[in-house]
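Residue numbers are given in the UniProt record's numbering: position 446 of the sequence shown equals residue 446, and the series is strictly consecutive.
Think of the CB as a built atom: it goes at the ideal place given N, C-alpha and C, for glycine as much as any other residue.
Since the model is a prediction, treat every value here as computed from it, not as a measurement.
Have a look at the structure below, then the notes.
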Amino acid sequence: MTIAVVATGGLAIGSIGTSAADDGELRGTGSEESAECAEALADAVEGLGDNFEENCLTEEELDEVTDAPAASSILPPDEVASSPNISLVSNLPKEGPFTPANALNSDLAFQGKYAFAGNYNGFTVYDLHNPRKPEVAAQVLCPGSQNDVTVYGDLLFLSTDSRWTDDSCSAEGPLSAEEAAELDDYWEGMKIFSIEDPTNPEYIGAVETKCGSHTHTLVPGDDSVYIYVSSYDTNSLLSNCQPPHDLISIIDVPLDDPAAAYVAAEPVLFPDAGNQGSNTRGCHDITAYPHLGLAAGACMGDGVVFDISDPLNPTVLDQVRDANFAFWHSATFNNEGTSIIFTDELGGGSGPTCNPTVGPNRGANAIYTWDGDSMEFASYYKIPREQADTENCVAHNGSLIPVPGKDIFVQAWYQGGISVFDFTDPYNPTEIAWYDRGAWTGESIAGAWSTYYYNGYIYSNEIQRGLDVFNLRDPLVAPAKGVRYDELNVQTQPVY
1 MTIAVVATGG
11 LAIGSIGTSA
21 ADDGELRGTG
31 SEESAECAEA
41 LADAVEGLGD
51 NFEENCLTEE
61 ELDEVTDAPA
71 ASSILPPDEV
81 ASSPNISLVS
91 NLPKEGPFTP
101 ANALNSDLAF
111 QGKYAFAGNY
121 NGFTVYDLHN
131 PRKPEVAAQV
141 LCPGSQNDVT
151 VYGDLLFLST
161 DSRWTDDSCS
171 AEGPLSAEEA
181 AELDDYWEGM
191 KIFSIEDPTN
201 PEYIGAVETK
211 CGSHTHTLVP
221 GDDSVYIYVS
231 SYDTNSLLSN
241 CQPPHDLISI
251 IDVPLDDPAA
261 AYVAAEPVLF
271 PDAGNQGSNT
281 RGCHDITAYP
291 HLGLAAGACM
301 GDGVVFDISD
311 PLNPTVLDQV
321 RDANFAFWHS
331 ATFNNEGTSI
341 IFTDELGGGS
351 GPTCNPTVGP
361 NRGANAIYTW
371 DGDSMEFASY
381 YKIPREQADT
391 ENCVAHNGSL
401 IPVPGKDIFV
411 QAWYQGGISV
421 FDFTDPYNPT
431 EIAWYDRGAW
441 TGESIAGAWS
451 TYYYNGYIYS
461 NEIQRGLDVF
471 NLRDPLVAPA
481 KGVRYDELNV
491 QTQPVY
């Protein structure tokens with residue numbers, strides 16, 4: 001495959017939240033003020049972060065999250081603390097073209113004895129035959145934020161949510177909206193690779209989607225796999241990303257000819273424009289639960305449950321809104337499908353929200369019950385440890401730990417580390433394990449992006465430090481050791 005040139009340079013955040021974008025009006029409202037805010041930040045954060053450039057705090061809100069007093073419990077830089085039942089058994093630092101500060105590690109997927117780790121410059125394949133000593137099996141240089149990654153059989157899918165001159169891994173970019181608008185054509189969307197040999201992935205095709213692909217979700221079919229593409233960063237300058245954008249793109253990938261993948265549907269999920277106080281411009285992330293024919297969406301202003309029994313025609317079953325939520329980020333069902341965790345990425349991943357001033361109900365998880373017809377709020381969960389005002393910290397990606405009869409979740413909190421909590425009683429979630437490092441001293445964001453349980457270990461893709469592997473030793477979670485997956489894409493939830 002053709003190798004792309006790696007962009008250089010980093011995002012200097014310093015006292016995180018002062019200029020690197022957070023939520024204005026508790027998540028962009030589509031107002032002129034918030035649009036100007038996002039535009040002003042574009043150059044500083046182009047291609048970085050989860051939704052950093054999308055989120056701007058007002059001056060009052062900025063003071064609120066950055067003026068929190070220091071606490072004696074905050075870890076000094078480079079120090080480590082944890083609960084006694086969890087230990088870091090391996091850390092494999094970033095390598096080669098993935099080492100720059102702006103080459104952020106992102107999501108994870110698993111298959112057999114391999115992990116597939118996204119990075120803003122491509123993806124890494126890790127050999128997990130010995131989880132305590134993982135090795136790099138392959139590294140593919142293919143720049144494009146966020147490079148959200150999933151795997152299905154011999155296929156790997158990679159999201160591109162930035163604009164490039166073409167769909168190759170050697171394209172020029174990322175392009176600003178103004179640069180893209182001057183071209184006859186530009187590209188963003190979904191790339192497809194063959195991983196028939198995981199040690200030698202091969203690029204086989206790409207599908208362009210409206211507004212690119214910030215995240216994506218696999219929904220298995222009979223002769224195809226369907227990809228739900230979530231994107232939301234509209235711009236009136238761009239021919240392929242015009243507002244309103246109340247849709248998702250659904251890609252049909254024929255399993256006998258994946259290079260022939262195409263956009264099969266673009267269902268408008270919110271024909272009434274969704275949340276009127278914060279325009280529901282599509283979704284940030286969707287988690288499918290094929291066993292129940294359901295999906296849960298973290299959309300622009302709403303938490304949503306969909307019926308996906310017809311994969312090409314998802315329909316909204318229920319929507320909820322929460323005044324404490326700034327940015328509906330992701331969702332997870334419990335195994336029975338009776339509870340749903342939604343995460344609020346207040347500050348877009350770049351803000352210091354884990355402090356007493358912001359409090360326990362913002363930048364947190366909200367747990368809802370689901371009775372088959374409607375959702376009802378049950379409780380919030382947020383890590384109890386205060387973080388420094390230079391540490392980006394907020395709820396982010398996590399997965400269930402498959403303990404039969406229990407609902408246990410492990411989750412990344414950026415520089416807040418990782419947290420394991422029991423939400424079997426959705427009204428009283430309780431932390432049972434945690435691991436935290438002191439502040440990253442480099443000039444960029446850092447911390448755990450995605451933290452998932454897979455076949456006996458917890459794997460965490462740390463934005464700057466590389467792949468972490470944890471061993472959780474607790475009687476409550478010991479039964480999970482008996483649950484084995486052949487493949488795991490966390491946003492395509494398996495039943496156990």
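| task | Return the Cβ separation of VAL125 and THR199 in integer angstroms, given the expectation that the two are a contact with Cβ distance under 8 Å. | result | 7 Å
| query | Does the pairing of the region 285 to 298 with the region 323 to 337 give three or more beta-carbon distances under 8 Å? | reply | yes
| query | By DSSP, does GLU376 sit in helix, in strand, or in coil? | reply | strand
| task | Would you grab the beta carbon distance between SER249 and THR209 for me? Rounded to a whole angstrom, and I think it's under 8 Å. | result | About 4 Å separates the beta carbons of SER249 and THR209, which is inside the 8 Å limit, making them a contact pair.
| message | Need the endpoints of the alpha helix (DSSP H) that SER179 sits in, please. | response | Here residue 179 is Glu; the residue named in the question, Ser, does not match the sequence. Looking at the DSSP string, the run of the alpha helix (DSSP H) that includes GLU179 is 177 to 181.
| Between the C-alpha atoms of GLU196 and VAL219, what's the straight-line distance to the nearest angstrom? | As the crow flies, the alpha-carbon of GLU196 is around 20 Å from that of VAL219.
| request: Use the C-beta contact count for GLN491: other C-beta atoms within 10 angstroms, 16 or more gives buried, fewer gives exposed. | output: In the assembly as shown, GLN491 is a buried residue. Its beta-carbon has 16 or more other beta-carbons within 10 Å.
| task | For the beta strand (DSSP E) containing ARG437, list its first residue and its last residue. | result | 430 to 437
| request: Say whether the region 304 to 319 touches the region 240 to 247, bearing in mind that this needs 3 or more beta-carbon pairs closer than 8 Å, one atom from each stretch. | output: no
| said: Please tell me whether TYR381 and ASN365 are closer than 8 Å, where the distance is taken between their beta carbons. | reply: yes
| query | Taking C-beta to C-beta, are ASN119 and ALA103 nearer than 8 Å? | reply | yes
| message | Strictly under 8 Å for the Cβ-Cβ distance: is TYR381 near chain B by that measure? | response | Annotation note: the requested chain B is absent from the structure, which comprises a single protein chain.
| request: State the CB to CB distance for the pair SER106 and ASN461, rounded to an integer number of angstroms; the pair is presumed to be in contact (CB under 8 Å). | output: 7 Å
| field | Assigned exposure category for SER239 - 16 Cβ within 10 Å defines buried | value | Per the 10 Å Cβ criterion, exposed.
| Separation of VAL320 from VAL304, as counted between CA atoms | Cα to Cα, VAL304 sits roughly 7 Å from VAL320.
| Apart from the five residues just before and just after LEU317, which ones in its own chain have a Cβ nearer than 7 Å to its Cβ? | VAL305, PHE306 and ASP307
| message | Could you compute how far the alpha carbon of LEU472 sits from the alpha carbon of LYS94? | response | About 24 Å.
| request: State the beta-bridge partners of GLN139 as determined by DSSP. | output: THR124
| Which of helix, strand or coil DSSP assigns to PHE98 | helix
| message | Quick check: VAL469 and TYR453, are their CB atoms within less than 8 Å of each other? | response | no
| So, helix, strand or coil for VAL495, using DSSP? | coil
| said: Can you confirm whether the region 425 to 444 touches the region 382 to 391 when touching is taken to mean that 3 or more C-beta pairs between the two stretches lie within less than 8 Å? | reply: In short, these stretches touch, since the Cβ pair count reaches three.
| Which of helix, strand or coil DSSP assigns to ALA478 | helix
| request: Check LEU238 in the structure and name its three-state DSSP category. | output: In this structure, LEU238 counts as coil in the three-state DSSP scheme.
| query | Can you tell me whether DSSP reads PRO77 as helix, strand or coil? | reply | PRO77 falls in the coil class under three-state DSSP.
| field | Member of ASP223, SER213 and ASP252 whose CA lies at the smallest distance from the CA of ASP233 | value | SER213
| request: Would you tell me roughly how many angstroms separate the C-alpha atoms of TYR485 and LEU294, rounded to the nearest one? | output: Taken atom to atom, the span from the alpha-carbon of TYR485 to that of LEU294 is near 21 Å.
| message | Since GLY282 and SER236 should fall inside the 8 Å C-beta cutoff, what is the C-beta to C-beta distance between them, to a whole number of angstroms? | response | Contact check for GLY282 and SER236: beta-carbon distance about 16 Å, past the 8 Å limit, so the pair fails to qualify.
| request: Pick out whichever of CYS169, GLU135, SER379 and GLY466 has its Cα sitting closest to the Cα of THR369. | output: SER379
| Would the region 136 to 143 and the region 176 to 187 be scored as touching if the rule is three or more Cβ pairs under 8 Å? | Counting C-beta pairs with one atom in each stretch, the region 136 to 143 and the region 176 to 187 have fewer than three that are closer than 8 Å, which means they do not touch.
| Going by alpha carbons, who is nearest to GLY122 out of ASN130, GLY96, THR441 and ALA478? | Nearest of ASN130, GLY96, THR441 and ALA478 to GLY122, Cα basis: GLY96.
| message | Between THR390 and ALA448, how many whole angstroms is the CB-CB distance? I'm expecting something under 8 Å. | response | The pair is not a contact, with the Cβ atoms about 17 Å apart (cut-off 8 Å).
| Contact check, LEU255 vs VAL207 under 8 Å by CB: the rounded distance? | 15 Å between Cβ atoms; not a contact.
| query | Which residue's Cα is closest to the Cα of ASN335: LYS133, ALA480 and SER159? | reply | ALA480
| task | Could you tell me which of ALA478, ILE445, GLY205 and LEU247 sits nearest to SER168, measuring between CA atoms? | result | Cα-wise, what sits closest to SER168 is GLY205.
| request: Can you say whether GLY466 is buried or exposed, counting buried as having 16 or more other CB atoms within 10 angstroms of its CB? | output: Under this definition GLY466 is a buried residue.
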